[in-house]
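Colleague: So for the sequence shown, this note's numbering puts the first residue at 1321; every next one is plus one. Virtual Cβ for every residue (Gly too), placed ideally from N, Cα, C.
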Amino acid sequence: MVESRGHLNPGAPEVSLSRFPMGLDDLVRWVWVARWDVPPGRTVTQRVLQYPTFNLVTGPDGANLYGPRTVVGTRDLTGRSWVAGVLLRPAATPLLTTTPPVALHAGEEPFPGAPVAAVTAAVHDSADPDRAVAAVLRDWLRPYAERVTDAGLLVNRVCALAEERDDVLRADQLAEEAGVTPRTLERMVRAHVGVTPLWLIECRRLQHAATVLREDPGTDLAALAAGLGYADQAHFTRRYRAVVGETPGATRRAARADTG
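1. Can you find the residues in the same chain that come closer than 7 Å, C-beta to C-beta, to Y1386, ignoring five residues on each side of it along the sequence?
2. With DSSP run on the structure shown, which of helix, strand or coil describes E1566?
3. To which residues does DSSP link P1430 through a beta bridge?
4. Considering only their Cβ atoms, is the gap separating V1509 from P1517 smaller than 8 Å?
5. In angstroms, rounded to a whole number, what distance separates the CA positions of P1330 and R1367?
6. Looking only at its chain, what residues have a beta carbon closer than 7 Å to the beta carbon of V1332, apart from the 5 residues adjacent to it on each side?
7. Given D1445, which residues of its chain have a CB within under 6 Å of its CB, disregarding the five upstream and five downstream residues?
8. Give every residue of the same chain whose Cβ lies closer than 6 Å to the Cβ of L1337, excluding the five residues on either side of it in the sequence, and list them in chain order.
9. What is the DSSP secondary structure of T1557, reduced to helix, strand or coil?
10. Measure the alpha-carbon distance for R1559 versus R1349 and round it to whole angstroms.
11. Cutting at 7 Å between CB atoms, please list the residues of its own chain near V1456, excluding the five before and the five after it.
12. Which class does R1339 belong to by DSSP, given the choice of helix, strand or coil?
13. Let's test the definition: count the other Cβ atoms within 10 Å of the Cβ of M1342 and tell me whether it reaches 16, buried, or not, exposed.
14. Among all the DSSP beta bridges, which residues are the ones paired with T1378?
15. How is T1417 classed by DSSP in three states: helix, strand or coil?
16. Could you name the residues of the same chain whose beta carbon sits closer than 6 Å to that of G1549, not counting the 5 residues immediately before and after it, in chain order?
17. Using a Cβ-Cβ cut-off of 7 Å (strictly less than) and excluding sequence neighbours within five positions of W1519, which residues of its own chain qualify?
18. Nearest by alpha-carbon distance to P1421: which of G1538, E1566, V1513, R1573 is it?
19. Does the stretch 1355-1362 touch the stretch 1391-1402, meaning 3 or more C-beta pairs lie closer than 8 Å?
20. Spatial neighbours of L1544 within its chain, please: C-beta separation below 8 Å, excluding the five flanking residues on both sides.
21. Taking just the CA atoms, how far does L1415 sit from D1578?
22. Spatial neighbours of V1563 within its chain, please: CB distance less than 8 Å, with the 5 preceding and 5 following residues excluded, ordered by chain position.
23. Please classify Q1585: does DSSP put it in a helix, a strand, or coil?
24. Which value, in whole angstroms, describes the spacing of the CA atoms of A1411 and L1344?
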């Protein structure tokens, strides 16, 4: 089982969410399956600060390719249903769509040919649904994985560096670590992800901040801002509010209320 820093309000009793690897590591980061059963008259809102890459999502009505967002996205869940998603590596994007990634920023497009019936059967497999879903998706996506290019592998590495290296705070630092010029970095990231290299870094910082505030609401905000490389607490608060839609203090208060 893998964990995500992108899901900002996990733990809703009406929602079951699992994440797991499926192989094809150059193409796919992980698979996630969400199931929900919300009583009539109620709505459960899920909030996600998405990783800077694409999601290929299959549900009862078909499949869609979703582009990344640079603000928190929400989805209101009602009734009873499910979706199975694949969090893709950046290398996957040009293999799955001819639409420029920037045109799918915060958007979506249908993905015809998805094995919807097979995924549906796997989700409802009574023995081991996660394993069954992984097997179906692996067979479906393997031909794409065999076409990953060297350029795609380089962008995968760039995105991994931006996410894992806390000391990388600027796009020029990221370019240097990747061994390319800043201009080349900008072009490659936009061509595969549709966002700027700086957003790769900013997303990491804000996902981390939201996770820390949710799990440890007593965290000192000034210390958190400094540790993430922001100039001061005010700058951190402005960026957090612009992306997450609330102040760090509001996130902290909500976490205290949930645990109190």
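Modeller: Inspection of the coordinates gives the following:
1. F1374, N1375, V1377, E1428
2. coil
3. N1384
4. yes
5. 9 Å
6. According to the sequence provided, residue 1332 is Ala. The question's Val does not apply to it. Closer than 7 Å at Cβ, skipping near neighbours: V1364.
7. A1452
8. A1354
9. helix
10. 27 Å
11. P1435, A1438, V1439, A1442
12. strand
13. buried
14. A1383, A1404
15. coil
16. L1489
17. P1372, T1390
18. V1513
19. yes
20. A1529, V1532, L1533, F1556, P1568
21. 42 Å
22. L1369, T1390, V1391, V1392, E1522, L1526
23. The chain is shown only over 1321 to 1580; residue 1585 falls outside these bounds and no answer can be derived.
24. 12 Å
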